[in-house]
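Numbering (the working numbering), first residue to last: 1 to 284.
Note that the Cβ used here is the ideal one computed from N, Cα and C, for glycine as well.
Keep in mind it's a predicted model, so treat the numbers as computed, not measured.
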Amino acid sequence: MTELPARRLLLVHAHPDDESINNGATMARYAAEGARVTLVTCTLGERGEVIPPELRQLTGPALGAHRRGELTAALRALGVTDARLLGGAGRYGDSGMMGTADNDDPDCFWQADVDEAAGHLAEVILEVRPQVLVTYDDNGGYGHPDHIQAHRVAMRAVELADERGHRVAKVYWNRVPRSVAEAAFARLRGELPVLPFDEGASVGDVPGVVDDERITTTVDGTAHAAAKAAAMRAHATQIEVAEPYFALSNALAQPLFTTEYYELVRGTGQRGETDLFAGVEEAA
Ligand SMILES: [Zn+2]
Numbered sequence: 001m002t003e004l005p006a007r008r009l010l011l012v013h014a015h016p017d018d019e020s021i022n023n024g025a026t027m028a029r030y031a032a033e034g035a036r037v038t039l040v041t042c043t044l045g046e047r048g049e050v051i052p053p054e055l056r057q058l059t060g061p062a063l064g065a066h067r068r069g070e071l072t073a074a075l076r077a078l079g080v081t082d083a084r085l086l087g088g089a090g091r092y093g094d095s096g097m098m099g100t101a102d103n104d105d106p107d108c109f110w111q112a113d114v115d116e117a118a119g120h121l122a123e124v125i126l127e128v129r130p131q132v133l134v135t136y137d138d139n140g141g142y143g144h145p146d147h148i149q150a151h152r153v154a155m156r157a158v159e160l161a162d163e164r165g166h167r168v169a170k171v172y173w174n175r176v177p178r179s180v181a182e183a184a185f186a187r188l189r190g191e192l193p194v195l196p197f198d199e200g201a202s203v204g205d206v207p208g209v210v211d212d213e214r215i216t217t218t219v220d221g222t223a224h225a226a227a228k229a230a231a232m233r234a235h236a237t238q239i240e241v242a243e244p245y246f247a248l249s250n251a252l253a254q255p256l257f258t259t260e261y262y263e264l265v266r267g268t269g270q271r272g273e274t275d276l277f278a279g280v281e282e283a284a
């Protein structure tokens, strides 16, 4: 049996691009520090809207395959080598936005049996034995069905792994402190005239924004800002980057955060932590 690195971080995301937007700096930092960083992506995002006009002919499985390539390039930029697709490639299809008919498709992730999907993730947990797992809150950060489902599957998989002999010491949800988001959007409004975006998004468009007191953990990824921006650029069908801002397919500018924030929801930690592994015993 090959020996596992002392620190092991597992991230659970809905689509290719979510890892880079939410946790790119964190992933690059821990990978650079020698931790094992494992990403599980639940769908290939084959219903995503494509930004570059020359790539808009990509839809369905062709878009999924293309986005898989974008994910590979993004992870190369982050220095992350362990990436999995939940249940194997193509097991779960992308769902649409809440309330759309796409979510009735029996193959979409929103229709997945949570226990079955969590079983696939529990297998990964039992293999990798992460001390830390990162995912979204129970609203998926902003209400997208695949993000809500990724949350449910991740939280259930932690329970299943527990029953089968591996306890994940700490579980975090992705967050942005309201004061940080508000300050960043104030700056953005001032700089908008010189940005390649016509309009700005607003604080309400940013997933996971909560009152500052709910933040337990701040990961300074400033040293890995370039890696995060490169990873986001690799998702060219989904993201347009103009540092320190970016836009999704709605073309609304928003801040690109290189310090990333978390709320500890399982395990013990101190408010004001600056390391996801704080207090974790680094044993196999
Ligand atoms: Zn997503």
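Burial state of residue i, where buried means 16 or more other Cβ atoms lie within 10 Å
i: residue 243; result: exposed
i: residue 157; result: buried
i: residue 17; result: buried
i: residue 221; result: buried
i: residue 208; result: buried
i: residue 167; result: exposed
i: residue 38; result: buried
i: residue 191; result: exposed
i: residue 81; result: exposed
i: residue 193; result: exposed
i: residue 114; result: exposed
i: residue 196; result: exposed
i: residue 36; result: buried
i: residue 311; result: Outside the displayed span of the chain (1 to 284) sits residue 311, for which this structure offers no information.
i: residue 271; result: exposed
i: residue 112; result: buried
i: residue 201; result: buried
i: residue 281; result: exposed
i: residue 279; result: exposed
i: residue 240; result: buried
i: residue 8; result: buried
i: residue 122; result: buried
i: residue 154; result: buried
Residue(s) in a DSSP beta bridge with residue i
i: residue 254; result: 246
i: residue 83; result: 39
i: residue 261; result: 175, 218
i: residue 93; result: 108
i: residue 166; result: According to DSSP, residue 166 bridges with nothing at all.
i: residue 13; result: 41
i: residue 199; result: 252
i: residue 135; result: 173
i: residue 209; result: 176
i: residue 266; result: 171
i: residue 8; result: 36
i: residue 281; result: Answer is none; residue 281 lacks a bridge partner.
i: residue 241; result: 246
i: residue 273; result: 217
Whole-angstrom C-beta distance between residue j and residue i, which should lie under 8 Å
i: residue 136; j: residue 117; result: In fact, because the Cβ distance is near 15 Å, the residues do not count as touching under 8 Å.
i: residue 216; j: residue 269; result: 6 Å
i: residue 276; j: residue 262; result: 7 Å
i: residue 172; j: residue 210; result: About 13 Å separates the two Cβ atoms, so there is no contact after all.
i: residue 218; j: residue 258; result: With 8 Å as the limit, residue 218 and residue 258 do not qualify as a contact, their Cβ atoms being about 12 Å apart.
i: residue 46; j: residue 61; result: 6 Å
i: residue 11; j: residue 42; result: Actually they are not in contact, since the Cβ atoms of residue 11 and residue 42 sit about 11 Å apart, beyond 8 Å.
i: residue 89; j: residue 125; result: Incorrect: roughly 20 Å between the Cβ atoms, too far for contact.
i: residue 84; j: residue 40; result: 5 Å
i: residue 67; j: residue 237; result: 6 Å
i: residue 15; j: residue 94; result: 7 Å
i: residue 182; j: residue 252; result: Not quite, the Cβ-Cβ distance comes to about 16 Å (not below 8 Å), so this is no contact.
i: residue 79; j: residue 31; result: 4 Å
i: residue 170; j: residue 20; result: About 22 Å separates the two Cβ atoms, so there is no contact after all.
i: residue 254; j: residue 205; result: 6 Å
i: residue 103; j: residue 145; result: 6 Å
i: residue 44; j: residue 69; result: Rounded, the Cβ-Cβ distance is 10 Å, inconsistent with contact.
Handout entry: Residues surrounding ligand 1 [beta-carbon distance to nearest heavy atom under 5 Å]
Key = Those residues having their beta-carbon less than 5 Å away from any non-hydrogen atom of ligand 1 are, in chain order, 14, 15, 18.
Exercise for the section: Kindly confirm or deny that the stretch 178-196 and the stretch 128-147 touch, where touching means at least three C-beta pairs closer than 8 Å. Expected result: no
Practice task
Mind the definition here: the stretch 146-153 touches the stretch 179-199 only if three or more C-beta pairs lie below 8 Å; say whether that holds.
Solution key: no
Handout entry: the stretch 97-104 / the stretch 48-56 touching (three or more Cβ pairs under 8 Å)
Key = no
Practice task
Pair every Cβ in the stretch 19-35 with every Cβ in the stretch 62-81, then say whether three or more of these pairs are closer than 8 Å.
Solution key: yes
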